[in-house]
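A.B. asks: Please find one structure pasted underneath; my questions will follow.
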Amino acid sequence: MKSLVGGQATRPYRMRARQEAVEETRERILAAAHGLWMVRPYDQVTIGAVAEAAGVSRQTVIRQFGTKDELAFAVVDWQKPHEDAVRAAEPGDVGGAIARLVERYETMGDANVRVLELEGRVPAIDYLLEVSRAGHRAWIERTLLPGVDDEQLVFALYAATDVTLWKLLRRDLGRSQADTEAVILRLVRGALGEASDRKEQHP
Numbered sequence: 001m002k003s004l005v006g007g008q009a010t011r012p013y014r015m016r017a018r019q020e021a022v023e024e025t026r027e028r029i030l031a032a033a034h035g036l037w038m039v040r041p042y043d044q045v046t047i048g049a050v051a052e053a054a055g056v057s058r059q060t061v062i063r064q065f066g067t068k069d070e071l072a073f074a075v076v077d078w079q080k081p082h083e084d085a086v087r088a089a090e091p092g093d094v095g096g097a098i099a100r101l102v103e104r105y106e107t108m109g110d111a112n113v114r115v116l117e118l119e120g121r122v123p124a125i126d127y128l129l130e131v132s133r134a135g136h137r138a139w140i141e142r143t144l145l146p147g148v149d150d151e152q153l154v155f156a157l158y159a160a161t162d163v164t165l166w167k168l169l170r171r172d173l174g175r176s177q178a179d180t181e182a183v184i185l186r187l188v189r190g191a192l193g194e195a196s197d198r199k200e201q202h203p
């Protein structure tokens, strides 16, 4: 009887340990996929490559996520809270916000530009871009325009802070990170200043 009770007591522990192992494996797969997509084009990363990087079998990846596109959907949702936290800045701190943004583009910018090349061809990429664009707009409204309702200004700031401008300055024109940050900050402050002047003239 004592042995039976002991067996019953250990069953929830074993189930919990098994669930924790599944979650740990899932995290490793997500991190591996994200890491590979940071350095390689989406269409050049296979399920097998993700499995090898995560230290699991190909079948484990498929069992956890299904297809590569479904894995990509999961990576987007998994990465978003981290991305939001990394880019977070005090509302109204324009200089700090742009510094954080450019620093993030130094890490993610090239991968983001590669993703844009597949827009309209891969459902997972379209989902990633939809989430990213909505997140970027929310970041603009929360950080650069707290309490301001001006749709045109939002789009002006979006254009001034989009990754494609970072790519133009850093990769195409060969500007330094500091110069790139200064140019973006100048554009952002120019848009904010123009909107403020217009508001004062037409209260």
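1 is the number of the first residue of the sequence shown in UniProt numbering; add one for each residue after it.
Heads up, the beta-carbon is just placed ideally off N, CA and C, and yes, glycines get one too.
1) Cutting at 6 angstroms between CB atoms, please list the residues of its own chain near L4, excluding the five before and the five after it.
2) When the Cα atoms are used, what is the spatial distance from D110 to E181?
3) Just the Cα atoms here: how many angstroms apart are E27 and G190?
4) Quick check: the Cα distance between S57 and R114, rounded to an integer number of angstroms?
5) Grouping DSSP H, G and I as helix and E and B as strand, with all else coil, what is S132?
6) Sorted by chain position, which residues of the same chain lie with C-beta nearer than 7 angstroms to E24's C-beta, five sequence neighbours on each side aside?
7) Roughly how many angstroms lie between the CA atoms of V75 and E52, to the nearest whole one?
8) Decide if F65 is buried, meaning its Cβ has at least 16 other Cβ atoms within 10 Å, or exposed.
9) Between the segment 156-174 and the segment 134-141, do at least 3 Cβ pairs fall closer than 8 angstroms?
10) Using the three-state DSSP reduction, which class does V148 fall into: helix, strand or coil?
11) Could you spell out where the alpha helix (DSSP H) holding E52 opens and where it closes?
12) What first and last residue would you give for the alpha helix (DSSP H) that runs through R142?
C.D. replies: Checking against the coordinates, here is how it stands:
1) Since pLDDT at L4 reaches only 49, below the 50 mark, its modelled position is unreliable, and the value read off the structure follows with that caveat. Closer than 6 angstroms at Cβ, skipping near neighbours: no residue.
2) 16 angstroms
3) 43 angstroms
4) 28 angstroms
5) helix
6) none
7) 17 angstroms
8) buried
9) yes
10) coil
11) 47-54
12) Per DSSP, R142 belongs to no alpha helix (DSSP H) and is neither H nor E.
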